[in-house]
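Here is the structure we will look at, set down as structure tokens.
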Amino acid sequence: MDFQLHPNKIRQVLFLLAILIVGYIIAKEMYFMLGAFMGAITLYVLLRSPMIHLVVSKKWPKWVAALAMMLASMVILVVPLVWMVSVLIDKVQPFIQNPDSLNQYFHLVHEYLLSKYKVDILNAENIAKLNAMVLPMVQKTMGSTLSAVGNIFIMYLMLYFMLVNVKEVELWLRNQIPFKQHNVQRIMNEFRGIVYSNALAIPMVAALQGVVGLIGYGIFGVKEFVLMGVLTAICSMIPVVGSMLIYLPLGVYQLAIGNTTNGIFLLLWGFVLIGSVDNIARFMLQKKMANMHPLITLFGVFIGVNMFGFMGIIFGPVLLSMFLLLVKIYVDEFGKANV
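Using this note's numbering, the first residue of the sequence shown is number 231, and each one after it goes up by one.
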């Protein structure tokens, strides 16, 4: 029996192929806007409830409420992030251009650990491997961060239209997502928790740790205490090791150069105060935080930094968490039990 395709099937396949080709071209050319799109969605989730409150309860015009929310987000979120980026670019750039100046610090710590404790972890070979792994990532992050500044305008343009059309946006999503209604609601609820965790709760914990670290570094003789406070905030988002990546080497360096008192108290400040801030703040914000595995945060940070630069610290875990959520929904929708 000859197998023949109905002309309508052929037309359908060709039409779908054309859609996929055009969609691929559009996605490829608009890839540079992915960071702006992720930022707009993140801010939309955070600002949705106060936006509705202003429009429904306070009777504000939609465009006024949207502009007010955008201005508030700039002051609370964007301005501090821009300041952090400017500090990093200003202070870290010299070390990127001349890694030998950083290696001198490693050499002092290495000599101290080797002479006092016979620990040979920071030898020349390991430092070379560390530089080869870390420096390219830092350079890429800095370059991506500079280009991301241009996406802020696009992000807020998207955000404005999303905020003034809150009902229309969510109604469209409910109608267009091809899942069962309970799964659509599950996606929206869990995504809200993911965003609160990565874009609000975790940065708040990081900021608190950074401030506490900055105060301690200033008290106990760290020269670039502002930069170290910023790096403490950033590293606190890395699971398991977290802010220890900053205050532990700083404390050991103080010991290595002979500032024994400062070194001891700096290590105590880190382990007791900075570490306690992490535990206490996370406990207080636990209701707003999604139950996210530390490995998702870790891999998400690596993925996000490569894709979005500095802002990938937030967007990466959101993207990875959303991917895993969609996989769960797919299994629920099309698993063997539903075949």
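We treat Cβ as the ideally placed atom computed from N, Cα and C, and that holds for glycine. These numbers come from a predicted model, not from an experiment.
query: Nearest-angstrom Cα separation, counted from G443 out to E341; result: 26 angstroms
query: DSSP-derived helix/strand/coil call for N328; result: coil
query: Rounded C-alpha distance that separates E420 from F450; result: 43 angstroms
query: Y560 versus F553 - alpha carbon distance; result: 11 angstroms
query: Spatial distance of S427 from M299 (CA atoms); result: 20 angstroms
query: Bounding residues of the alpha helix (DSSP H) (the contiguous stretch that carries F501); result: Run containing F501: none; DSSP gives neither H nor E here.
query: Sequence-distant residues of its chain with Cβ nearer than 7 angstroms to Y483 (five each side left out); result: Y335, L338, V339
query: DSSP state of P479 mapped onto helix, strand, coil; result: helix
query: Contact the stretch 380-389 vs the stretch 263-272: 3+ CB pairs below 8 angstroms; result: yes
query: Cut-off 6 angstroms between Cβ atoms - residues of its own chain near I544, not counting five sequence neighbours on either side; result: N428, A429
query: Assigned secondary structure, W402 (DSSP; H/G/I helix, E/B strand, else coil); result: helix
query: Buried or exposed by the 16-neighbour rule on C-beta atoms within 10 Å, applied to Y347; result: exposed
query: Spatially closest choice to N197 from L246, L556, Y261, by CA coordinates; result: In the structure displayed, the chain extends from 231 to 569; residue 197 sits before or after that span and is not available.
query: Per-residue DSSP class, three states only, for H523; result: coil
query: Inter-residue Cα distance where the pair is F409 and Y477; result: 48 angstroms
query: Stretch-stretch touch, CB-based, cutoff 8 angstroms, three pairs: the stretch 391-399 with the stretch 522-540; result: no
query: Closest residue to I464 among L332, L438, L549 (Cα-Cα distance); result: L438
query: Residue burial classification, A262 (beta-carbon count within 10 angstroms, cutoff 16); result: One point to set straight first is that residue 262 is Phe, not Ala, in the sequence displayed. Burial call: exposed.
query: Any alpha helix (DSSP H) of 4 or more consecutive residues that is wholly inside the stretch 394-480; result: 396-406, 411-426, 432-449, 455-465
query: Cβ-based burial, W293 [other Cβ within 10 Å; buried from 16]; result: exposed
query: CB of V441 within 9 angstroms of CB of T272, strictly; result: no
query: Candidates Q323, G500, W290: closest to I445 by CA position; result: G500
query: Distance CB(Y274)-CB(M392) smaller than 9 angstroms; result: yes
query: Residue burial classification, N571 (beta-carbon count within 10 angstroms, cutoff 16); result: Nothing about residue 571 can be reported from this structure: the residues present for the chain run from 231 to 569 only.
query: Whole-angstrom C-beta distance between G481 and L497, which should lie under 8 angstroms; result: 4 angstroms
query: Straight-line Cα distance separating V456 from A248; result: 54 angstroms
query: Residue range of the alpha helix (DSSP H) that includes D350; result: Note, D350: premise wrong, no alpha helix (DSSP H); not H, not E.
query: G542 - containing alpha helix (DSSP H), residue span; result: 542-564
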